[in-house]
Structures are given as structure tokens and as C-alpha cells.
Amino acid sequence: MTKFVKRIALLISIPFFIWTGYWTAFAYAIERGISLASQNPQISGTAAQFEVASVTGYPKNFAIGITEIEIGAKDRFTWATQEVLVEAKSYQPNRINVDLSDPHSISGSIGSLGIDAELADLSVFFKPNLQLSLENLDANFQNVILSFEGITGAEIETMSAHVSASPNTETNYQVTAQIQNLNLSNMLVGLGKDYQRIQNISLSAEAELSQPLDRLTMASGAPQLQMLLLHEALINYGDISVLLDAKLVSNEAGALNGNVNLTMQNWKTLFSLVKRLGYIEPNLEEFFYTILVNLAIEGGSEDSLTIPLTITNNTISFGALTLGVLP
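Numbering (this note's numbering), first residue to last: 754 to 1080.
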């Protein structure tokens, strides 16, 4: 009977030994991997430097504090922050939570952007495979302040996003996102209070990438966008609503080609606001206004305007008229 009890106890304890060993090895691998990365920061043209706090808490859970982070690609951008905290629980080893609440700065050819948030959390769920492929990602931000060259430019009350891997292919991802109460009063000076704030921005899209989002991405660099199918993007701005849908495909050079349909309700109000901000030359006002009115009438309503845009090698055009170039 004693031998029987000992055998049962041994069988019961085996999973706990395996679990503890798994977490010890996993935590060590993370700590060692980050240390190696800090010693060999060049990855596909991207330079990175940071200090690493010890991995603690395993086997029940673990937390990794990565401090003094600076990541950049030469002549393109630099992202820096004081600390990122990564946490995971033993009962759900393939889900991690990332705290990004410390201030961030992003600098590049277009200038410097500062980001500060009261709450900035990511919840990442990986598929249980060796590649640690992304299953889904949830992002939640509250009271975000965006500063341009040190001057506050915009404030966001809440922002959320959800990314989930397609069950059919390894490189396709479904994306939904929403921004509520985007305050632009420091940028849209001179407009009425109702038009200094965007009440809502929401979108639903599908993206195809050049490679899956998995652990190999750290070695090979960020994947390239192959195709973007924008099912719907809705913007509510005062009494104006803007609806977009698009399909864009990337060519071998990385430039985008495709079509965008832009529909606006109460477009005349938006035209007046753009004119007031000085984006329409006085000598071209009547020309553009006549074109837009005729286009709206063709669509069946003078208050609703649908503009079909074409994108060729990142150049945006409406018929024979070139409107600009994608960044």
C-alpha cells in the first residue's frame, strides 16, 4: 500500500516538475535572448539598445522590465522610452501583457512626436507552436497626449485596437480599431468648438503581410504590407460623417496601388472648413466647388458626395487630377 501511495504521489508530482522546469527554461531563454539582442543590436538595418531587469516570479508568473529602450532604423525613425514591463501568468503561458504607460518619443524625417498616456496596455496571445505565431492582440489606451516638437498637438480620450490572425492563412490578419474624442483644438485654431474635436474614428480591415508575425520576425525584421482591404472606416466630425473603403496592393518596390472610395455627408460644411484653414487657393475655390457639386448631383444627392480615388505608385489621383503622395 505504501509503494502504491508513493507511486501515485510521484505521478502527481511529475507534471509540477515539468511545469516548473518549463517556466525556468522559458524565463532563462527570454532573459538570455534579450541579453544577446542587446549585445548584437543590428537586426535587418534596425539598431536597438536597452538595459534589462532580471526575470522574476517564475514558475507561478514572471515579469520582465526592459529599461532605457531605443530602437531605430537608419535615416528612417527612432523610438525611445524609459521602460516597458512584460508580464505573464503560469496558467496561460502563451498570453502576455505589456505595460507601455511610460512616455515615448518617435523621431524621424518628419520631426519629433511625443506620446504620453495614463493607460497603455497590450494583451498578446500566441498560438501554442514553436514559432509563437500571433493569435490575437488587444490594445487599450486612455487619455493619450500627442506632442509635436514638444508642443501638445492632440489629445485622445480612448483608443483601442484588436488584431486577430486569419484561420485560413498564416500571413493574413483581421484588424478593428476605434478612437473616441480626438481633441485637435491646439491644431485647428480658429474653427468653432464643434469642429475642433473628432468624436469617433472606427475601422475594420484585413491585411496581408509578407511573412507571419512570430518569433522569427525579431531576426528577419518587420514584414512588409502586401495587401490592405479596408472594409469600412467611419469618421464622425461635428455634423460631418466620412465613410471610406479601399483595396490596396503593394508592388515589388513596396509602393501601393489600388482604389479608395470616399463618401461624405454634409460635405459642403467640410469644404468651408478646409477653405477657412487656407488649404484652398482663392482662385481655385469656384473650380473645385463646381466639380464637387456636379459629382454630388450625379450621385443622387447634393448633400452626399462620393469621390473615387486611384492610387498608383503611392500617388493619389482623382481622374486626371493629382491630389498628393502617400507618406
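Cβ atoms here follow ideal geometry from the backbone N, Cα and C, with glycine treated the same way.
Whole runs of the alpha helix (DSSP H) within the stretch 965-1035, excluding any shorter than 4 residues:
970-973, 1020-1029
Between the beta-carbon of I904 and the beta-carbon of L935, is there less than 9 Å?
Between I904 and L935, the gap from beta carbon to beta carbon reaches 9 Å or more.
Since I believe H915 is in contact with T929 (beta carbons under 8 Å), could you give me their beta-carbon distance rounded to a whole number of angstroms?
5 Å
With C-beta atoms as the reference, is I819 less than 9 Å away from E836?
Cβ atoms of I819 and E836: closer than 9 Å.
Please name the residue, chosen from L838, N814, G861, S843, that lies closest to P1080 on a Cα-to-Cα basis.
G861
Opposite M912 in the DSSP bridges: which residues?
F894, I932
N- and C-terminal bounds of the beta strand (DSSP E) containing N850
It spans 845-852 - the beta strand (DSSP E) in which N850 sits, taken as one unbroken run.
To the nearest angstrom, report how far apart S707 and Q927 are at their CA atoms.
The requested residue 707 does not occur in the structure, where the chain is confined to residues 754 to 1080.
Please go through the same chain and pick out, in chain order, the residues whose beta-carbon is closer than 7 Å to the beta-carbon of R968, but skip the five residues on each side of it.
Q884, L885
DSSP three-state assignment for K946, whether helix, strand or coil
helix
Unbroken beta strand (DSSP E) run spanning L875, endpoints
Element bounds for L875: 864-879.
Excluding the 5 residues preceding and the 5 following A790 in the sequence, name in chain order all residues of the same chain whose CB lies nearer than 6 Å to its CB.
Because the pLDDT at A790 is just 49, under 50, the model does not fix this residue reliably, and the point stays unresolved.
How about the stretch 943-962 and the stretch 1035-1050: do they share at least three Cβ pairs that are nearer than 8 Å?
no
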